[in-house]
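Report on one structure; see the data block that follows.
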Amino acid sequence: MPKVSEEHREARRRQILDAAWVCFARNGFHKTSMPDVFAEAGLSAGAVYRYFPGKEALITAIAETSMRQLVEILDAHLRAPDLPPPEELLPELMEDLTALGGSAPAPMAPQVWSEMMRDPRIAGAVAGTLGDIQQRLAEMCRRYQAAGVLAPGLDPGDTARVLVALIQGWIIQWNTMGLAAHQQITAGVRGLLTRAPRSATHG
Numbered sequence: 001m002p003k004v005s006e007e008h009r010e011a012r013r014r015q016i017l018d019a020a021w022v023c024f025a026r027n028g029f030h031k032t033s034m035p036d037v038f039a040e041a042g043l044s045a046g047a048v049y050r051y052f053p054g055k056e057a058l059i060t061a062i063a064e065t066s067m068r069q070l071v072e073i074l075d076a077h078l079r080a081p082d083l084p085p086p087e088e089l090l091p092e093l094m095e096d097l098t099a100l101g102g103s104a105p106a107p108m109a110p111q112v113w114s115e116m117m118r119d120p121r122i123a124g125a126v127a128g129t130l131g132d133i134q135q136r137l138a139e140m141c142r143r144y145q146a147a148g149v150l151a152p153g154l155d156p157g158d159t160a161r162v163l164v165a166l167i168q169g170w171i172i173q174w175n176t177m178g179l180a181a182h183q184q185i186t187a188g189v190r191g192l193l194t195r196a197p198r199s200a201t202h203g
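According to full-length UniProt numbering, the stretch in the sequence shown is residues 1 to 203, in order.
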């Protein structure tokens with residue numbers, strides 16, 4: 001019997017994850033059954049269980065994939081010759097996430113965060129990725145400080161934590177309240193970050 005290539009295994013795993021993503025987005029983690037995933041993927045139970053032993057494994061893989069999307073976007077910005085102005089960084093990140101598919105950014109992320117509160121295994125699986133996100137945002141803060149566009153007294157790690165909280169809230173509001181919420185937050189972020197330096201000079 002010929003050996004299954006690594007490319008075939010990865011393609012099959014991707015097929016199963018894509019099917020699980022559709023099911024989870026449609027019905028949520030807990031209302032989705034494994035037979036739902038089998039049907040969406042067009043595969044037998046045995047074919048799916050060969051790659052994922054159960055729904056928890058699928059949820060973990062989806063959680064990791066969802067979080068890694070933002071890491072990859074941040075890496076792309078860090079590789080660029082210049083960062084966007086601070087007031088444009090977060091709006092650009094939201095647009096980048098939305099460009100991955102759908103009408104709002106990272107629609108699976110709120111489910112992942114909710115599951116992290118319920119299941120310590122999920123929390124442990126994505127903790128490192130959340131740390132990667134904060135690390136990259138801290139590096140961006142240091143670059144802004146070096147360029148003189150962010151106050152030198154700010155702690156990059158603390159500032160990155162605030163940015164993570166803002167990103168999470170932004171994703172939740174856009175997914176639950178629609179485009180108007182995104183537009184309002186975009187305007188608010190731009191206003192805060194462009195006006196703060198001027199007010200500081202007159203303080």
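For every residue, glycine included, the Cβ atom is placed at its ideal position computed from N, Cα and C.
Quick one: grab the DSSP three-state call for residue i.
{"i": "Pro81", "result": "coil"}
{"i": "Leu163", "result": "helix"}
{"i": "Pro152", "result": "coil"}
{"i": "Pro105", "result": "coil"}
{"i": "His202", "result": "Because His202 sits at a pLDDT of 38, beneath the cut-off of 50, its placement in the model cannot be relied upon, and the following sentence gives the value as read from the coordinates. Coil, per DSSP."}
{"i": "Ala147", "result": "coil"}
{"i": "Gly131", "result": "helix"}
{"i": "Gly178", "result": "coil"}
Assuming residue i and residue j are in contact, meaning their beta carbons sit under 8 Å apart, how far apart are those beta carbons, in whole angstroms?
{"i": "Pro86", "j": "Tyr144", "result": "6 Å"}
{"i": "Ser66", "j": "Ala127", "result": "Actually they are not in contact, since the Cβ atoms of Ser66 and Ala127 sit about 14 Å apart, beyond 8 Å."}
{"i": "Thr60", "j": "Ala125", "result": "5 Å"}
{"i": "Val189", "j": "Pro91", "result": "7 Å"}
What are the start and end residues of the alpha helix (DSSP H) that includes residue i?
{"i": "Ser114", "result": "109-118"}
{"i": "Ala99", "result": "86-99"}
Near residue i, what residues of its chain come up, given a Cβ to Cβ distance below 6 Å and the 5 sequence neighbours on each side ignored?
{"i": "Asp96", "result": "Ile73"}
{"i": "Gly157", "result": "Ala138"}
Kindly list the residues whose CB is nearer than 8 Å to the CB of residue i, restricted to its own chain and excluding five residues on each side of it in sequence; keep chain order.
{"i": "Glu40", "result": "Ala19, Ala20, Val22, Cys23"}
I'd like the list of long-range same chain contacts for residue i, defined as Cβ closer than 7 Å, with 5 residues on each side in sequence excluded.
{"i": "Pro107", "result": "Ala25, Asn175"}
{"i": "Val164", "result": "Ile133, Gln134, Leu137"}
{"i": "Ala160", "result": "Gln134, Leu137, Ala138, Cys141"}
{"i": "Phe29", "result": "Ile59, Gln111, Glu115"}
{"i": "Ile185", "result": "Trp170, Gln173"}
{"i": "Ala123", "result": "Met116"}
Does residue i come within less than 7 Å of chain D when only Cβ atoms are used?
{"i": "Glu87", "result": "The question asks about chain D, but that chain is absent: this structure has only one protein chain."}
Inset, instruction - Scan the UniProt domain "HTH tetR-type" (10-70) and note each continuous alpha helix (DSSP H) run of 4 residues or more that stays entirely inside, going in chain order. - result: List check, alpha helix (DSSP H) in window: 34-41, 45-49.
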